[in-house]
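A.B. asks:
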Amino acid sequence: MLNQSKIFCTILLIILMVVFSGPISASTATQEYNPSRAKLLGYMLKESLPRHHYSHKKIDDKLSEDAFELYLKSLDSQKRFLLKPDTVILNPFRRQIDNELKSGNIRFPLVTTQIIKDRLEATEKIIEDLLSRDFDFTLKESFETDPDKLDFASTEQELKNRWRKLIKYQVLNRYLELEEEEKANKDNKEHSVKPRTPSERQQEARDKTLKSFRNLFSRLKKNTEQDYFNTYLNAVTRAFDPHTVYLPPKAKEDFDISMRGSLEGIGATLREEDGYIKVVRIIPGSAASRQGELEAEDQIIKVAQGTDEPVDIVDMRLRDAVSLIRGKKGSEVRLTVKKPDARIVVIPIIRDVVQIEETFVKGTIFEENKQKIGYIKIPSFYRDFAGSRKGKGRNATDDVRAELEKLKKEKIDGLIIDLRNDGGGALTDAVKIAGFFIEEGPVVQVRDSSGSSRTHADESGTVLYDGPLAVMVNQFSASSSEILAAVLQDYGRAVIVGGNHTHGKGTVQAIIELDRRLPFRNMAQYKPLGALKITIQKFYRVSGESTQYRGIVPDIILPDRLGHLKSGEQYSDHSLPWDTVEAIDYEKWDAFSLPIAKLQQLSKKRVASNEDFQRIIEEAGRARERSEKTVRPLNIDALRQERAETKQLADEEELSAPHGKKGDNPEDWIEQAKKDPYISETRHILSDINNLPSSSLAKSSE
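Numbering (my numbering), first residue to last: -2 to 699.
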């Protein structure tokens, strides 16, 4: 087992980091590929993963098959380079990865490196040829944009035709962008644009597309044998679970920087997923948070510096993409983003540092049916461990306590705890904050890979607030926020309000510094080796159910604009399953019992007649339809009409939205909260609790 004393602080840091951490794409290491070093790394992963990972998975043929599929997906997620005959050549390795790691004779990544390099060279020539002549935009043909609905091309001609359609689609979109720009600025004297002929417009569109692809291939050709080997190792780690990651030396350095909180730029946590740079979380108080348009689950496909030409970042390494997105404070970056409903939007963001005050707990009071409803927003379970050791430093527990004390002085009739978009943080704070609302008792069980469990409990014996309580969650509530929501639900202390489920991130990771675990001293010449971030523990509710995979299912489920998204652990490859352990003794809240069935009935009736929620339901339906429609037209009239319809719908949704972009004024959040239909409905739910007869509250909830 891992030395618990050595990794304790590391585990705390891991819990504190953004919990949606995903696979990190290969980064060019300082070392060149060294077969002996590769053999050593393979050996260390082969020894460490089965021994220390929570699942104790064996490195066998089954895991080899999983790693094989993950590796191919990492190499060519869009199925634009490899041919089916190439996969036939590689197929013998499908059940050999386990044997390679055990023997030290690692050949698979080297074979794929040469195949990919050959395909890159051939594909680059195809693209140069295709963009040397005009496209016929009058032909009625279409293009499938979802690689999961495609197989690898069987022949070079089939692959060339796939590239022809992709390039035509990009050129046609650029052509229409130029056309729309000319139309929009036709009567604008300050920003007049000289009208182009159709031929000039297509030439400019082709030139811009060619420049974008040349940049892409320039980056792809820089990938080294070491990069492909790092990707290979990460395919092995990700076959254990999506949060177990090999960090090459440079990636480990970046990880350390992020753990120290030295974030700059737009303030978004990103990860590479299937060739795309995906937004995982928006940092509270950041430039992106204040701008308001960039959201979790968005895919960033292009990055432009101010008014410069956008750079295509599809299939770009995460590190390279981040270097484009970061920049000096006050400078503008323009992100071309693919929304979950398949809309393409350009989002301008002025880079800035995170406004620290906006990352902390905040509270206010709303009036609802002549009742005072308190509201506390917890953006994360933050804790300054270094400051705490010196008797200083800020933490979520103290800040929630302070807000509660202020609200109690105002004699509130109910309280909302808002955990939406809260990615987690320090477990200590989740446990202590839970203790504000229960007398005492267990809060969460933490089980390690040996089967040993530790119970974290509230032992204060006092209740800071004993009135009606509601907790708001969504699919981006994870880890510590799920623990708080779960315990308050299990105790019958609060009604949980939100979408279909929370994220389901119920695991804990630790860092293994590989340089410190060399099997022999004479191997120091191969340093630095990087690190292994590995899943070692799982969270369990007091009821015995894990928070992993399924997340928390709210008592009252409200319509969700993003409800159609496959977001959360249950949609991640090889995520650890939901399971149960033995429940532990705890006493349910006995001051009153929440009549959940009655509250559901009243809420459902309100939602059915609420204009905001009916609009959200309509938007969600349209978003689902757009996301499922993956075939795009390559005819100019059809695509022009599709773009116009998409823009019209987007404009209508923006006009009808109850609240728009976030302002720069920190006090704007209160006005935004007043207009938030989810907060409004939760206020109504608390009002229902207060208005129900005492006999109803005394009955057990269903």
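The beta-carbon is built from N, C-alpha and C at its ideal position, and this holds for glycine as well.
Looking at the secondary structure, which residues open and close the beta strand (DSSP E) in which E269 lies?
C.D. replies: In the sequence shown, the residue the question calls residue 269 occupies position 272. First-last of the beta strand (DSSP E) with E269: 265 to 270.
A.B. asks: Would you call the CB atoms of K374 and K359 closer than 7 Å?
C.D. replies: Numbered from 1 along the sequence shown, position 377 holds the residue referred to as residue 374. Numbered from 1 along the sequence shown, position 362 holds the residue referred to as residue 359. Yes; because the gap between Cβ atoms is below 7 Å, this pair is in contact.
A.B. asks: Rounded to whole angstroms, what's the CA-CA distance from L98 to G39? Just pull it up for me.
C.D. replies: Locating residue 98 in the sequence shown gives position 101, counting from the first residue. Locating residue 39 in the sequence shown gives position 42, counting from the first residue. One Cα belongs to L98, the other to G39, and the distance between them is close to 5 Å.
A.B. asks: From P674, D634, G489, pick the residue whose C-alpha is nearest to that of P592; which is it?
C.D. replies: Along the sequence shown, one-based indexing puts residue 592 at 595. With distances taken between Cα atoms, P592 lies closest to G489.
A.B. asks: Could you tell me the distance, in whole angstroms, from the CA atom of V539 to the CA atom of L321?
C.D. replies: Start at 1 with the first residue of the sequence shown, and residue 539 comes out as number 542. Start at 1 with the first residue of the sequence shown, and residue 321 comes out as number 324. One C-alpha to the other measures close to 45 Å.
A.B. asks: Could you tell me the boundaries of the beta strand (DSSP E) in which S139 lies?
C.D. replies: Here residue 139 corresponds to residue number 142 of the sequence shown, with the count starting at 1. Run containing S139: 139 to 141, per the beta strand (DSSP E) assignment.
A.B. asks: Are there 16 or more other CB atoms within 10 angstroms of the CB of E616, so buried, or fewer, so exposed?
C.D. replies: As a first step, residue 616 is located in the sequence shown; it is residue number 619 there, counting from the start. Buried, by the Cβ-count rule.
A.B. asks: Under a Cβ-count criterion, where at least 16 other Cβ atoms within 10 Å of its own Cβ denotes burial, should D661 be classed as buried or exposed?
C.D. replies: Along the sequence shown, read from residue 1 onward, the residue named residue 661 stands at position 664. Reliability of the predicted coordinates at D661 is poor, the pLDDT of 45 falling under 50, and no value is obtained from them.
A.B. asks: Let me know the beta strand (DSSP E) ranges lying completely inside the region 138 to 206, each 3 residues or longer, listed in chain order.
C.D. replies: 139 to 141
A.B. asks: With distances taken between CB atoms, is the gap from T142 to R629 smaller than 7 Å?
C.D. replies: For the purposes of this step, residue 142 is taken as the residue at position 145 of the sequence shown. For the purposes of this step, residue 629 is taken as the residue at position 632 of the sequence shown. For T142 and R629, yes; Cβs fall inside 7 Å.
A.B. asks: Would you tell me roughly how many angstroms separate the C-alpha atoms of L466 and W586, rounded to the nearest one?
C.D. replies: The count along the sequence shown starts at 1 and reaches residue 466 at position 469. The count along the sequence shown starts at 1 and reaches residue 586 at position 589. Each residue's alpha carbon lies about 12 Å from the other.
A.B. asks: Check each candidate in I86, A318, G262, K180 and name the one with the smallest Cα separation from R268.
C.D. replies: Sequence index remark: in the sequence shown, residue 268 carries index 271 (1-based). Out of I86, A318, G262, K180, A318 has the C-alpha closest to the C-alpha of R268.
A.B. asks: Assess contact between the region 59 to 71 and the region 224 to 244, defined as three or more Cβ pairs (one per stretch) separated by less than 8 Å. Is contact present?
C.D. replies: yes
A.B. asks: With three or more C-beta pairs closer than 8 Å as the rule, is the region 325 to 338 touching the region 295 to 305?
C.D. replies: yes
A.B. asks: Alpha carbon to alpha carbon, how far is I413 from T679? Give it in angstroms, no decimals.
C.D. replies: Here residue 679 corresponds to residue number 682 of the sequence shown, with the count starting at 1. Here residue 413 corresponds to residue number 416 of the sequence shown, with the count starting at 1. Distance between the alpha carbons of T679 and I413: 7 Å.
A.B. asks: Assuming I263 contacts M313 (C-beta within less than 8 Å), just tell me the rounded distance between them.
C.D. replies: The count along the sequence shown starts at 1 and reaches residue 263 at position 266. The count along the sequence shown starts at 1 and reaches residue 313 at position 316. Incorrect: roughly 16 Å between the Cβ atoms, too far for contact.
A.B. asks: Beta carbon of V443, beta carbon of A431: below 7 Å?
C.D. replies: By 1-based counting over the sequence shown, the position of residue 443 is 446. By 1-based counting over the sequence shown, the position of residue 431 is 434. V443 is not a Cβ neighbour of A431, given a cutoff of 7 Å.
A.B. asks: Buried or exposed: which applies to S606, given that a residue is buried once 16 or more other Cβ atoms fall within 10 Å of its Cβ?
C.D. replies: Working through the sequence shown from its first residue, we reach residue 606 at position 609. Exposed: under 16 other Cβ atoms inside 10 Å.
A.B. asks: Output yes or no for whether 7 Å exceeds the beta carbon distance between F226 and A35.
C.D. replies: Working through the sequence shown from its first residue, we reach residue 226 at position 229. Working through the sequence shown from its first residue, we reach residue 35 at position 38. Yes, Cβ-Cβ distance for F226 and A35 is below 7 Å.
A.B. asks: Tell me whether F589 is buried or exposed, calling it buried when 16 or more other Cβ atoms sit within 10 Å of its Cβ.
C.D. replies: Within the sequence shown, numbered from 1, the residue matching residue 589 stands at position 592. F589 is buried by the Cβ-count criterion.
A.B. asks: Are the CB atoms of I508 and P556 within a distance shorter than 7 Å?
C.D. replies: Here residue 556 corresponds to residue number 559 of the sequence shown, with the count starting at 1. Here residue 508 corresponds to residue number 511 of the sequence shown, with the count starting at 1. Not a contact, by the Cβ cut-off of 7 Å.
A.B. asks: Going by DSSP in three states, H498 sits in which element: helix, strand or coil?
C.D. replies: Taking the sequence shown and counting its residues from 1, the one referred to as residue 498 is at position 501. In the structure shown, H498 sits in coil (DSSP, three-state: anything other than H, G, I, E or B).
A.B. asks: Which residue spans inside the region 599 to 680 form an unbroken beta strand (DSSP E) run of at least 3?
C.D. replies: Taken in chain order, the unbroken stretches of beta strand (DSSP E) that lie wholly in the region 599 to 680 and span 3 residues or more are 628 to 630.
A.B. asks: How big is the Cα-Cα spacing for K644 and Y166?
C.D. replies: Mapped onto the sequence shown, residue 644 falls at position 647. Mapped onto the sequence shown, residue 166 falls at position 169. Going by the C-alpha atoms only, they are around 18 Å apart.
A.B. asks: Judging by CA-CA distance, which residue of Q638, D665, A647, N632 is the nearest neighbour of V168?
C.D. replies: In the sequence shown, the residue the question calls residue 168 occupies position 171. Answer by Cα proximity: N632.
A.B. asks: List the residues that DSSP assigns as beta-bridge partners of P106.
C.D. replies: Within the sequence shown, residue 106 is the residue found at index 109, counting from 1. Paired residue(s): none; P106 is not in a bridge.
A.B. asks: Could you give the distance in angstroms between the alpha-carbon of S18 and the alpha-carbon of Q545?
C.D. replies: As a first step, residue 18 must be located in the sequence shown, where it is residue number 21. As a first step, residue 545 must be located in the sequence shown, where it is residue number 548. With a pLDDT of only 34 at S18, under the threshold of 50, the placement of this residue in the model should not be trusted; the figure read from the coordinates follows. When rounded, the distance between both Cα atoms is 15 Å.
A.B. asks: Whose C-alpha, out of R637, V492, S569, is nearest the C-alpha of H240?
C.D. replies: Taking the sequence shown and counting its residues from 1, one reaches residue 240 at position 243. The closest CA to that of H240, considering only R637, V492, S569, is found on S569.
A.B. asks: With 16 other CB atoms within 10 Å as the buried threshold, where does D115 fall?
C.D. replies: Residue mapping note: residue 115 aligns to position 118 of the sequence shown, counting from 1. Exposed.
A.B. asks: Contact defined as beta carbons within less than 8 Å: I believe T110 pairs with E222. What is the distance between those atoms, to the nearest angstrom?
C.D. replies: Along the sequence shown, read from residue 1 onward, the residue named residue 110 stands at position 113. Along the sequence shown, read from residue 1 onward, the residue named residue 222 stands at position 225. Going by Cβ atoms, the distance from T110 to E222 rounds to 5 Å, so yes, they are a contact pair.
A.B. asks: Does the distance from the CB of I341 to the CB of V330 come in under 7 Å?
C.D. replies: Here residue 341 is taken as the residue at index 344 of the sequence shown, counted from 1. Here residue 330 is taken as the residue at index 333 of the sequence shown, counted from 1. Not a contact, by the Cβ cut-off of 7 Å.
A.B. asks: Tell me the rounded alpha-carbon separation between G464 and H571.
C.D. replies: For the purposes of this step, residue 464 is identified with residue 467 of the sequence shown, where counting begins at 1. For the purposes of this step, residue 571 is identified with residue 574 of the sequence shown, where counting begins at 1. In this model, G464 and H571 are separated by some 42 Å (Cα to Cα).
A.B. asks: Considering only their Cβ atoms, is the gap separating V494 from P574 smaller than 7 Å?
C.D. replies: As a position in the sequence shown, residue 574 is number 577, starting the count at 1. As a position in the sequence shown, residue 494 is number 497, starting the count at 1. Not in contact: P574 and V494 (Cβ atoms no closer than 7 Å).
A.B. asks: Run through DSSP, which three-state label would A454 get?
C.D. replies: As a position in the sequence shown, residue 454 is number 457, starting the count at 1. DSSP places A454 in strand when its eight states are reduced to three.
A.B. asks: At the level of alpha carbons, what is the spacing between P690 and K595?
C.D. replies: Locating residue 690 in the sequence shown gives position 693, where the first residue counts as 1. Locating residue 595 in the sequence shown gives position 598, where the first residue counts as 1. Taking the straight line from one Cα to the other gives about 12 Å.
A.B. asks: Select from S61, E365, E407, E176 the residue whose C-alpha is nearest the C-alpha of T194.
C.D. replies: If you number the sequence shown from 1, residue 194 lands on position 197. Looking at the Cα atoms, E176 is the closest of the given residues.
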